[in-house]
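Q: Pasting in a structure now, in structure tokens, and then I'll have a few things to ask.
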């Protein structure tokens with residue numbers, strides 16, 4: 001047992017690519033867990049899934065350019081362009097929000113697939129679809145580091161604004177804090193976080209990284225600060241064990257991490273249900289005892 005643990009969990013740390021994958025998973029786990037709180041409580045899950053799909057054409061086109069962060073820049077531009085195009089359609093048509101989102105974001109993803117069929121590039125674009133933490137290149141690592149630092153600094157310096165924006169939009173507007181400007185800023189942060197998580201978990205599964213941490217953490221606490229910290233912890237644990245399992249089984253990292261995250265959510269859900277059941281029975285027993293004493 002100890003030999004198996006050493007060979008599969010300790011010995012791989014001697015390889016540089018594995019250490020880079022661990023550090024990358026830590027950076028992605030922190031940034032996505034922070035943004036996850038806003039995505040879940042603002043009902044932005046559909047928006048997050050759409051943005052993750054719409055960045056694909058930008059990734060493909062950016063891979064043709066040979067300058068630093070070209071794919072990141074391309075993904076950022078197409079993601080925000082698709083969002084504002086969706087808003088334009090909503091303002092000038094009778095479509096509902098979910099229909100417009102589904103139409104535009106699916107179209108952009110299809111455009112990305114078509115471009116991938118015609119574009120010849122040396123970049124491993126297919127890794128963006130399914131994620132490949134074990135194949136993170138040095139340039140990707142530094143991009144993730146920059147994005148993660150931006151998200152963390154923004155979350156620390158604007159923590160109170162994030163709370164107000166997430167839970168009380170009306171109060172945010174009444175205080176004159178610049179709702180539209182902050183809304184656009186949060187979209188930028190969300191898009192950057194999605195781009196950062198593409199290398200780890202892929203376009204098709206990014207939405208899980210943006211939803212499951214906060215959903216799992218909220219089973220234990222309702223305070224935003226605690227939810228963020230618990231979400232980061234859940235992300236770190238699931239990313240590490242998912243990465244280790246993918247290394248052992250020689251399978252894709254993205255699906256493995258999602259399975260681990262889902263497993264932690266189910267464990268937390270069952271624990272919460274059992275705890276609520278025990279507390280309810282304890283309360284009933286206490287009330288019955290008080291009646292008997294009366």
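In my numbering, the protein residues as written are 1 to 294. All residues carry an ideal CB built from backbone N, CA and C; glycine is no exception. All values derive from a computational prediction rather than experimental measurement.
(1) Please classify residue 132: does DSSP put it in a helix, a strand, or coil?
(2) Could you say which of 272, 289 and 28 lies nearest to residue 132 if we only look at CA atoms?
(3) Quick check: the stretch 100 to 117 against the stretch 43 to 55, are there 3 or more CB pairs under 8 angstroms?
(4) Would you report the Cα separation of residue 36 and residue 213, rounded to the nearest angstrom?
(5) For residue 92, name the three-state secondary structure that DSSP assigns.
(6) Measuring straight from C-alpha to C-alpha, what distance separates residue 74 and residue 185?
(7) Please work out which residues of its chain come closer than 8 angstroms, Cβ to Cβ, to residue 17, disregarding the five sequence neighbours upstream and downstream, and give them in chain order.
(8) If you follow the alpha helix (DSSP H) that residue 280 is part of, which residue opens it and which one closes it?
(9) Which whole-angstrom value is the C-beta distance of residue 257 and residue 239, which I expect to be below 8 angstroms?
(10) Give a yes or no on contact between the stretch 262 to 281 and the stretch 162 to 173, applying the rule of three or more CB pairs nearer than 8 angstroms.
(11) CA-CA distance, residue 14 and residue 237?
(12) Taking all protein chains shown into account, decide if residue 293 is buried (16 or more other Cβ within 10 angstroms of its Cβ) or exposed.
(13) For residue 195, tell me which candidate among 100, 42, 69 and 26 has the shortest Cα-Cα distance.
(14) What runs of the alpha helix (DSSP H), each 4 residues or longer, lie entirely inside the stretch 201 to 252?
(15) Quick one: grab the DSSP three-state call for residue 13.
(16) Does the Cβ-Cβ distance between residue 60 and residue 129 come in under 8 angstroms?
(17) Do residue 62 and residue 71 come within 8 angstroms of each other at the CB atom, strictly closer than that value?
(18) Cα-Cα, which of 24, 113, 88 and 111 is closest to residue 101?
(19) By the DSSP assignment, the alpha helix (DSSP H) with residue 161 in it spans what residues?
(20) Starting from the Cα of residue 198, find the closest Cα among 25, 38 and 19 and give me that residue.
(21) Just to confirm, are residue 265 and residue 193 a CB contact at a threshold of 8 angstroms?
(22) Which same chain residues, not among the five before or five after residue 235, have their C-beta less than 7 angstroms away from its C-beta?
(23) Less than 8 angstroms between the C-beta atoms of residue 49 and residue 207, yes or no?
(24) Taking a contact to mean a Cβ-Cβ separation below 8 angstroms, would you say residue 254 touches residue 205 in this structure?
(25) In terms of residues, what are the limits of the alpha helix (DSSP H) holding residue 119?
(26) Terminal residues of the continuous alpha helix (DSSP H) containing residue 46?
(27) Output needed for residue 119: all residues of its chain with C-beta closer than 6 angstroms, excluding positions within five of it in sequence on either side, in chain order.
A: So, from the listed chains and residues:
(1) By one-based count along the chain shown, residue 132 stands at place 132. Here residue 132 carries a coil assignment [DSSP, helix/strand/coil].
(2) To locate residue 132, count along the chain shown from 1; it is residue 132. The residue with the shortest Cα to Cα distance from residue 132 is 28.
(3) yes
(4) Here residue 36 corresponds to residue number 36 of the chain shown, with the count starting at 1. Here residue 213 corresponds to residue number 213 of the chain shown, with the count starting at 1. Between residue 36 and residue 213, the C-alpha separation is close to 7 angstroms.
(5) Here residue 92 is taken as the residue at index 92 of the chain shown, counted from 1. Three-state DSSP puts residue 92 in coil, outside helix and strand.
(6) As a first step, residue 74 is located in the chain shown; it is residue number 74 there, counting from the start. As a first step, residue 185 is located in the chain shown; it is residue number 185 there, counting from the start. Using only the alpha carbons, I get a separation of about 18 angstroms.
(7) Position 17 of the chain shown holds residue 17. Taken in chain order, the residues that qualify are 134, 135 and 136.
(8) By one-based count along the chain shown, residue 280 stands at place 280. Run containing residue 280: 253 to 293, per the alpha helix (DSSP H) assignment.
(9) Here residue 257 refers to the residue found at position 257 when the chain shown is read from its first residue. Here residue 239 refers to the residue found at position 239 when the chain shown is read from its first residue. The Cβ separation is near 6 angstroms, so the contact holds.
(10) Between the stretch 262 to 281 and the stretch 162 to 173 there are fewer than three inter-stretch CB-CB distances shorter than 8 angstroms, so the stretches are not counted as touching.
(11) As a first step, residue 14 must be located in the chain shown, where it is residue number 14. As a first step, residue 237 must be located in the chain shown, where it is residue number 237. Using only the alpha carbons, I get a separation of about 20 angstroms.
(12) Within the chain shown, numbered from 1, the residue matching residue 293 stands at position 293. With fewer than 16 other Cβ atoms within 10 Å, it is exposed.
(13) Translated into positions along the chain shown, residue 195 becomes position 195. Comparing Cα-Cα distances from residue 195 to each of 100, 42, 69 and 26, the minimum goes to 69.
(14) 206 to 217 and 224 to 249
(15) Walking along the chain shown from the start, residue 13 turns up at place 13. Here DSSP, grouped into helix, strand and coil, assigns residue 13 to helix.
(16) Along the chain shown, read from residue 1 onward, the residue named residue 60 stands at position 60. Along the chain shown, read from residue 1 onward, the residue named residue 129 stands at position 129. The answer is no: Cβ separation not under 8 angstroms.
(17) In the chain shown, counting from the first residue as 1, residue 71 sits at position 71. In the chain shown, counting from the first residue as 1, residue 62 sits at position 62. Yes, the Cβ-Cβ distance between residue 71 and residue 62 is below 8 angstroms.
(18) Taking the chain shown and counting its residues from 1, the one referred to as residue 101 is at position 101. Out of 24, 113, 88 and 111, 88 has the C-alpha closest to the C-alpha of residue 101.
(19) Sequence index remark: in the chain shown, residue 161 carries index 161 (1-based). Looking at the DSSP string, the run of the alpha helix (DSSP H) that includes residue 161 is 159 to 167.
(20) Indexing the chain shown from 1 puts residue 198 at position 198. Selected option, being the one with the closest Cα: 25.
(21) Against the chain shown, residue 265 aligns to sequence position 265. Against the chain shown, residue 193 aligns to sequence position 193. Cβ distance not < 8 angstroms, so residue 265 and residue 193 don't count as in contact.
(22) Your numbering for residue 235 matches position 235 in the chain shown. Cβ neighbours of residue 235 beyond the five flanking positions: 29, 32, 33 and 213.
(23) As a working mapping, residue 49 is identified with position 49 in the chain shown. As a working mapping, residue 207 is identified with position 207 in the chain shown. Their beta carbons are under 8 angstroms apart, which means residue 49 touches residue 207 by this criterion.
(24) For the purposes of this step, residue 254 is taken as residue 254 along the chain shown, with counting starting at 1. For the purposes of this step, residue 205 is taken as residue 205 along the chain shown, with counting starting at 1. Remark: C-beta atoms of residue 254 and residue 205 approach each other more closely than 8 angstroms.
(25) Here the question's residue 119 lines up with position 119 in the chain shown. No alpha helix (DSSP H) holds residue 119; DSSP gives it neither H nor E.
(26) Locating residue 46 in the chain shown gives position 46, where the first residue counts as 1. Element bounds for residue 46: 45 to 54.
(27) For this step, residue 119 is matched to residue 119 along the chain shown. The answer, listed in chain order, is 60.
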